[in-house]
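A short worksheet on the structure shown next.
Numbering (the working numbering), first residue to last: 62 to 352.
So, in structure tokens, the structure goes:
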């Protein structure tokens, strides 16, 4: 049964669950991030210190540190245990749209409206000298589970695959007819999923970059996607005010949940049992995936 919390007074742009599955972090255009106890649904604390909207969030594997992507052009580093702001990493010239970490938690990547991707050490915020580039806003970043590749999705309608180590040129993946809003990678690292403003989700082979399938069911931009841990299902949310559950073996949508407001982001608990969705009005929706 779907439940709803009036979590923020403005849109929820980003969601992440701590690795232990105990806490959910919501990031909003109301300048706040909030930490929620998943078992009780209660607010644990608010993280204050942003003076502009927050777009994306990522947590280190040990669950101790939170990184937030903000419209103030910085990535902020937070102590999750006490909610304190540790530092701000000045890494871009425009809004920071997305942030992600390598599986070992040692390196962070941020994507921006300045059309670049920057990398930095999570321990001290030291920037790498290398700047990776797109020809449009960089809206989504994901690293493969083996830490070999970084994938970036942009409003230039392309996905790029970058080597985490080495200077190999990026593989440019084309197929969408509008900007990319989100990415997901299967737990075995073999499949990449992309959510686009062209109303589709595409499935790609990670090694070759070839398109494997297209999932069609949304009637407006697909804003967010999340995979179940067994890689058998995918949840997508869209500006069409619906969430779809996809059976990836058949490519069919097997469940549709309707809302009253455009949906912006989605995440799952590590066990895949609970779905969390953020909407344009600041509401947080959640339900058990099995229902």
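Backbone N, C-alpha and C fix where the C-beta goes; we use that ideal spot for every residue, glycine too.
For the pair the segment 140 to 153 and the segment 106 to 120, tell me if three or more CB-CB distances fall below 8 Å. yes
For residue 138 and residue 126, I'd like the C-alpha separation in whole angstroms. 7 Å
Can you list, in chain order, the residues of its chain with a C-beta nearer than 7 Å to that of residue 328? Leave out the 5 residues immediately preceding and following it. 76, 77, 78, 287 and 337
Inter-residue spacing [alpha-carbon to alpha-carbon] between residue 84 and residue 130: 19 Å
Do the CB positions of residue 220 and residue 241 come within less than 8 Å of each other? yes
Within a Cβ cutoff of 6 Å, which residues of the same chain sit near residue 351, ignoring the five residues on either side of it in sequence? none
Would you identify the three-state DSSP class for residue 271, choosing helix, strand or coil? coil
Can you check which of these residues, 261, 323, 212 and 300, is closest to residue 418 by C-alpha distance? With the chain covering 62 to 352 only, the question about residue 418 has no answer from this structure.
Would you be able to state if there are at least three C-beta pairs under 8 Å between the segment 297 to 315 and the segment 265 to 273? no
Let me know the beta strand (DSSP E) ranges lying completely inside the segment 262 to 337, each 3 residues or longer, listed in chain order. 272 to 277, 283 to 288, 294 to 299, 303 to 308, 313 to 319 and 324 to 329
With distances taken from CA atoms, which of 171, 164, 322 and 196 is nearest residue 150? 171
Could you check whether the Cβ of residue 216 sits closer than 8 Å to any Cβ belonging to chain B? Considering every chain present, this structure includes no chain B. It has just one protein chain.
Suppose you measure from the CA of residue 341 to the CA of residue 284; what does that come to, to the nearest Å? 11 Å
Is the Cβ-Cβ distance between residue 192 and residue 179 less than 8 Å? yes
Nearer than 7 Å: is that true of the beta carbon of residue 190 relative to any heavy atom of the ligand FMN? Among the components of this structure there are no ligands whatsoever, and the ligand FMN is therefore not found.
Using C-beta distances below 6 Å, list every residue in its chain close to residue 154, excluding the 5 sequence neighbours before and after it, in chain order. 175
Alpha-carbon to alpha-carbon, residue 114 and residue 93: 8 Å
Separation of residue 73 from residue 102, as counted between CA atoms: 16 Å
Going by alpha carbons, who is nearest to residue 317 out of 297, 333 and 330? 297
Could you spell out where the beta strand (DSSP E) holding residue 254 opens and where it closes? 252 to 257
Reduced DSSP secondary structure (H/G/I, E/B, other) of residue 260: coil
Where the beta strand (DSSP E) through residue 88 begins and ends: 84 to 89
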